[in-house]
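Numbering (full-length UniProt numbering), first residue to last: 1 to 301.
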């Protein structure tokens, strides 16, 4: 009787595995029949959603750990104001965001570009690195990823969601606007120069980008500004207008120095072995091919 039961369970398991494999093959075949551009958009959307989710999940979790002893939240509500942070908390939270961005940008940049931020997406569209349709698509999944990350942290960690979303009592709305604008411009311009602008060190761009977010967070945390990593949708002035304005300033500066051929202003060893980077569409998403030319041309007598 026991042997028959075991055989029945084995047969059921094999049948379930076969069904799963058949369904997976059907989905895979269906996706492969899509036009390359459409398939690329799907891949980018999935990568950006998962990347934004993981980036913000670990960043929020780090914030949760740092703030867990700073208020008396019982887990029934979301706290938007916390006690004055000490330097250790500032460093802990800033490092959580910086390292989380560096790791996840490094993982997902070959899938979706690893933007994870509407302001960055807007800036990349302004300089022509992504199309309008791709930008709108990524913006939508970034919002979903951010909401999912905040929800997961709120549910999984005790004490509710410990965040600060309001300006400090000593910071005016105008000051908050310009602080947010300047910090976002710093972050976006860093991404332009290290990732969008192809060079020999592009492969380690996520390190510099993560450090840029780290220094921005150090400043923003002192004034309870959190839009750099896109946590909440309101108030719109601080969390939409200021970051998008900062991205626009970064794009304007980037366009200016490109038009003036900044490469010739400060020659470096890379000019001896120039790297030619070209962008093309592969399966609908951006791929980078770099061709390094020899330092010396062949001499013909």
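Built from N, CA and C at the ideal position, the CB exists for glycine as well.
In this text, all values refer to a predicted model and were calculated from it rather than measured experimentally.
| Item | Value |
| --- | --- |
| Helix or strand or just coil, what does DSSP make of residue 117? | coil |
| May I ask which residues mark the beginning and end of the alpha helix (DSSP H) holding residue 377? | No answer is possible for residue 377: the residues shown for the chain start at 1 and end at 301. |
| Does the separation of the CB atoms of residue 154 and residue 144 fall below 9 Å? | no |
| Is it right to say residue 251 is buried, meaning 16 or more other beta carbons lie within 10 angstroms of its own, or is it exposed? | buried |
| Where does the unbroken alpha helix (DSSP H) through residue 254 begin, and where does it stop? | 242 to 259 |
| Less than 9 Å between the C-beta atoms of residue 302 and residue 123, yes or no? | Residue 302 falls outside the range modelled here, since the chain spans only 1 to 301, and no answer is possible. |
| Please name the residue in 64, 99, 111, 245 whose C-alpha comes closest to that of residue 158. | 64 |
| Which residue wins for smallest C-alpha separation from residue 44, given the options 32, 242, 109, 103? | 109 |
| Which partner residues does residue 67 have in the DSSP bridge list? | BP columns for residue 67 are empty, so no partner. |
| Alpha carbon to alpha carbon, how far is residue 201 from residue 194? Give it in angstroms, no decimals. | 8 Å |
| Classify residue 162 as helix, strand or coil using the three-state DSSP reduction. | strand |
| Give the secondary structure of residue 208 by DSSP, where H, G and I count as helix, E and B as strand, and everything else as coil. | helix |
| Can you confirm whether the region 242 to 258 touches the region 132 to 144 when touching is taken to mean that 3 or more C-beta pairs between the two stretches lie within less than 8 Å? | no |
| Could you work out which residue in 259, 99, 39 is closest to residue 111 when comparing CA atoms only? | 39 |
| Could you tell me if residue 174 is buried or exposed, where buried requires 16 or more neighbouring beta carbons within 10 angstroms of its beta carbon? | exposed |
| If you draw a straight line from the alpha carbon of residue 149 to that of residue 116, how long is it in whole angstroms? | 12 Å |
| Going by other Cβ atoms of all chains shown within 10 Å of its Cβ, with 16 needed for buried, is residue 32 buried or exposed? | exposed |
| Taking Cβ to Cβ, would you say residue 120 is nearer than 9 Å to residue 247? | yes |
| Would you decide whether residue 59 is buried or exposed? Buried here means 16 or more other CB atoms lie within 10 Å of its CB. | buried |
| Assign residue 274 to buried or exposed, taking buried as 16 or more other Cβ atoms, counted over all protein chains shown, within 10 Å of its Cβ. | Residue placement at residue 274 cannot be trusted, given a pLDDT of 42 that sits under 50; what the coordinates show is reported in the next sentence. Residue 274 should be labelled exposed. |
| For residue 181 and residue 36, I'd like the C-alpha separation in whole angstroms. | 37 Å |
| Helix, strand or coil for residue 35, going by three-state DSSP, please let me know. | coil |
| Leaving out the 5 sequence neighbours to the left and right, which residues in its chain are closer than 7 Å to residue 55 when beta-carbon positions are compared? | 100, 101, 104, 116 |
| Are residue 177 and residue 94 close, meaning C-beta to C-beta below 9 Å? | no |
| Which of the three DSSP states, helix, strand or coil, is assigned to residue 199? | coil |
| Excluding the 5 residues flanking residue 370 on each side, which residues of the same chain have their C-beta closer than 7 Å to its C-beta? | Outside the modelled stretch of the chain, which goes from 1 to 301, sits residue 370, for which no answer is possible. |
| If you drop the 5 nearest sequence neighbours on each side, which residues of the same chain put their C-beta closer than 7 Å to that of residue 106? | 206 |
| What does the Cβ neighbour count give for residue 204, buried or exposed, with the cut at 16 atoms within 10 Å? | exposed |
| Give the DSSP-derived three-state secondary structure of residue 267 in the structure shown. | coil |
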